[in-house]
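Novice: Next up is a structure, given as structure tokens.
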Amino acid sequence: MGELRLMKGNEAIAEAAIRAGCDGYFGYPITPQSEVMEYLMAEKPFERTGMVVLQAESETASINMLYGGAGTGKMVLTSSSSPGISLMQEGISYLAGAELPAVIVNIVRGGPGLGTIQPSQADYFQAVKGGGHGDYHSLVYAPASVQEMCDHVKLAFDKAFEYRTPVMILSDGAIGQMMEKVVLFDQVPRRTDEEIIKQCPWASNGRPKTRNHNIITSLDLDPAGQERVNLKLQAKYREMEKNEVMYEEIMCEDADYLFVAFGLSARICQKSTDLARAKGIKVGLFRPITLFPFPAIQVSNVGNRVKGILVVEMNAGQMIEDVKLSVGCKVKIEHFGRFGGIIPSPDEVVKALEQKIIGG
Amino acid sequence: MEEQFAKTEIRKPENIVYKKTDLMVDRPLSYCPGCGHGTAHRMLMEVLEEMDIADKTIGVSPVGCSVLAYDFLNIDMLGAAHGRAPALATAIKRLWPNHFVFTYQGDGDLAAIGTAETIHACNRGENITIIFINNGIYGMTGGQMAPTTLPGMRSSTSPYGRDVATMGHPLKITELISHLPGVYYVTRQAVHTPNHVRKTKKAIRKALELQKENKGLCFIEIVSNCNSGWKMTPVQSNKWMEENMFPFYQLGDIKVDGKLIELPKTS
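So the protein lines, in turn, are chains A and B.
So for the first sequence, our numbering puts the first residue at 90; every next one is plus one.
So for the second sequence, our numbering puts the first residue at 509; every next one is plus one.
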């Protein structure tokens, strides 16, 4: 078993990055995720593993630093919160277009605009449906605990390189700020430059006389060429849908009703499930862990066995669209959400289940 | 047949006194005839060849006329989003500190949309080389006003001439960044005559040698023509450049060995 520590979610992200063998972190302070860079600067990974940590002049610069580092085959990370992630969308689109591996953490806060610094899940659409311009997806993980904040970083790096794609960890201000015990995985050594050159023959890191030059770009002015790029990306997303779906089912076997929730909402619904069952309501919880690819078949299988589904999100109803598309129209599906930084209580969720699904 | 034979004769190694560097890809450039980009590309590649550092060099191309620079330069390259080349170069150099890293950017890319990235890379004293091509116009998009368009100069978005009262003044970003302590060497050159080409090449070599010594950021502005955008013949545009651009963007060293050079007052 790895080292056991009590940590904030944001700190777990940072420590996991160092241990995963990350080569560089580039970021810009924004509440509620500033602890990521603060932890890194205090921890001096440049001395521990040789990892570069740099405070950029903006989120725009951070994401483009990621593009630069990723284009040379290095393992790079940035983190931000909603308004900063909006600024990064151009860069994420370029990462997807140029097929570069990078990990982006979004510790979501309430919006729109400057919004609030309190937790929210209102960036679901942005994270899952593309976000920037053009037809693309990021692989999206939704951790629901500090342990998963840690584990998803390592997983995200693995998948980013496997698929050569940007991967987003979609968390929120509560999971970023809350402290829980976490079992840290052991240090993975950073790859040497020689290993990187071998592992990433596509990367632009200096052309030896033995090969043609490598070009990292998302541009193809020839429509037929650009269509080929798009087809390749789409094929990659179909592969992800086949191989990368992750989800959790809690007390679904005998359930009459179902909560569907991700991240923090799923943590709340876990308690709501207990409360409802104490009242004699047989409810289960389905938690998507990957938001793209969405566990469509899995939620449909469970969803079509129950009498009604309540999708609980800290937004005005975003993931519910994917739940409805997956489950179809034979089962009643309603949404319960609080927004603007308000976290619903487990009681509130049970009440919503009773009113909107059971009584409704 | 005779012609073919003559060519082969000339190509005998002992007869070659000058040839295109192998670091220029053998394909036609996408630039307009008369444009300075091709010459600037070649000088940069000749320096890499002479220093024998091509395998340790990573270049970043911009958005603008030279967006396809990576197709012509036979070295590993990354195409940046508009204006963000210095951010890419920052990360690349920090992650590959023993490599040579340069950006190649136009005036819209470097001095308008990318001003923040330019200034902050300069201010951090990143050990990179920035090659800045200033032709006072947006060439690729069809001749719109650039941050460096001269007062009164016509463009498709300043069809009656740049009115500084409403459109702002041309930005001397090279002078601006030369005041930052992280910047070690700043010079402004041109590539329209053999003499200027030689000086530009020397400046590029100097900048890359300084990069090897980790002296800080080196910045080379090349004032160039845009005969298409300026609606002139190549010859006319070079003359116009000498008469109008050079008095405003004065050629010569601006900062050497980390020290500013006193320049005579410009118009």
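Even for Gly, the Cβ is constructed at its ideal location relative to N, Cα and C.
In angstroms with no decimal places, state the Cα-to-Cα distance between Thr682(B) and Cys630(B).
Specialist: When rounded, the distance between both Cα atoms is 11 Å.
Novice: I'd like the ranges of any alpha helix (DSSP H) spanning at least 4 consecutive residues and lying wholly in the stretch 108 to 190 of chain A.
Specialist: Runs found: 124 to 132, 134 to 137, 148 to 160 and 171 to 186.
Novice: Whose Cβ in chain A lies nearer than 9 Å to the Cβ of Met675(B)?
Specialist: Going along chain A, no residue has its Cβ under 9 Å from Met675(B), so there is no contact; the nearest lies around 25 Å.
Novice: Just the C-alpha distance for Glu269(A) and Arg376(A), rounded to the nearest angstrom, thanks.
Specialist: Cα to Cα, Glu269(A) sits roughly 20 Å from Arg376(A).
Novice: Would a check of beta-carbon distances place Gly295(A) closer than 8 Å to chain B?
Specialist: Yes - at least one Cβ of chain B is within 8 Å of the one on Gly295(A).
Novice: Tell me, please, whether the stretch 182 to 196 of chain A touches the stretch 130 to 146 of chain A by the rule of three or more beta-carbon pairs shorter than 8 Å.
Specialist: The stretch 182 to 196 of chain A is not in contact with the stretch 130 to 146 of chain A.
Novice: Indicate the three-state DSSP secondary structure (helix, strand or coil) for Ile339(A) in the structure shown.
Specialist: The answer is strand: DSSP assigns Ile339(A) an E or B state.
Novice: For a contact defined as C-beta to C-beta under 7 Å, what are the partners of Leu603(B) on chain A?
Specialist: Residues of chain A passing the Cβ test: Asp112, Gly113, Val141, Gly158, Thr161 and Lys163.
Novice: So Ile566(B) contacts chain A; which residues on that side make the cut at Cβ distance below 8 Å?
Specialist: Correct list: Thr161, Ser293, Asn294 and Gly295.
Novice: With DSSP collapsed to three states, give me the class of Ile304(A).
Specialist: Three-state DSSP puts Ile304(A) in a strand.
Novice: So, Glu338(A) versus Thr379(A), is the Cβ gap smaller than 8 Å?
Specialist: Their beta carbons are not under 8 Å apart, which means Glu338(A) does not touch Thr379(A) by this criterion.
Novice: Can you list, in chain order, the stretches of the beta strand (DSSP E) that have 3 or more residues and sit fully within the stretch 358 to 383 of chain A?
Specialist: 372 to 377 and 379 to 381, all fully within the stretch 358 to 383 of chain A.
Novice: On a Cα-Cα basis, can you pick out the residue from Ser293(A), Glu316(A) and Glu410(A) that is closest to Ala588(B)?
Specialist: Ala588(B) has its Cα closest to that of Ser293(A), out of Ser293(A), Glu316(A) and Glu410(A).
Novice: Around the Cβ of Asp671(B), are there at least 16 other Cβ atoms within 10 angstroms (buried) or fewer (exposed)?
Specialist: Counting Cβ neighbours within 10 Å, Asp671(B) comes out exposed, since fewer than 16 surround it.
Novice: Against Lys298(A), what residues of chain B qualify as contacts under a CB-to-CB distance less than 9 Å, listed in chain order?
Specialist: Those are Ala562 and Asp563, listed as they occur along chain B.
Novice: Ile102(A) to Val217(A), Cα distance in whole Å?
Specialist: The straight-line gap from Cα to Cα measures roughly 20 Å.
Novice: Which one of Met675(B), Lys528(B) and Leu586(B) has the shortest CA to CA distance from His302(A)?
Specialist: His302(A) has its Cα closest to that of Leu586(B), out of Met675(B), Lys528(B) and Leu586(B).
Novice: Which chain B residues are close to Ser147(A), counting only those with a beta carbon under 7 Å from its beta carbon?
Specialist: By Cβ distance, chain B contributes Ala624.
Novice: Just to confirm before moving on: does the CB-CB distance between Pro232(A) and Ile258(A) stay below 8 Å?
Specialist: Cβ distance < 8 Å, so Pro232(A) and Ile258(A) count as in contact.
Novice: Checking contacts by CB at 8 Å: is Met585(B) closer than that to chain A?
Specialist: With 8 Å as the cut-off, Met585(B) counts as an interface residue toward chain A.
Novice: Within the continuous beta strand (DSSP E) that includes Thr637(B), where are the two ends?
Specialist: That run of the beta strand (DSSP E) goes Thr637 to Asn642.
Novice: Of all the options Asp411(A), Met403(A), Leu374(A) and Ala365(A), which has the alpha carbon lying nearest to the alpha carbon of Ile386(A)?
Specialist: Of the candidates Asp411(A), Met403(A), Leu374(A) and Ala365(A), the one whose C-alpha sits nearest the C-alpha of Ile386(A) is Asp411(A).
Novice: Would you list the residues sitting across from Thr695(B) in a DSSP beta bridge?
Specialist: Ile728(B) and Asp761(B), per the DSSP bridge assignment.
Novice: Between the stretch 600 to 609 of chain B and the stretch 156 to 175 of chain A, are three or more C-beta pairs nearer than 8 Å?
Specialist: Short answer: they touch.
Novice: Find the nearest neighbour of His590(B) within the set Ser574(B), His704(B) and Leu581(B), judged by alpha-carbon distance.
Specialist: Cα-wise, what sits closest to His590(B) is Ser574(B).
Novice: Which bits of chain A does Ile600(B) rub up against, with CB to CB less than 8 Å?
Specialist: Simply Gly157, Gly158, Gly160 and Thr161.
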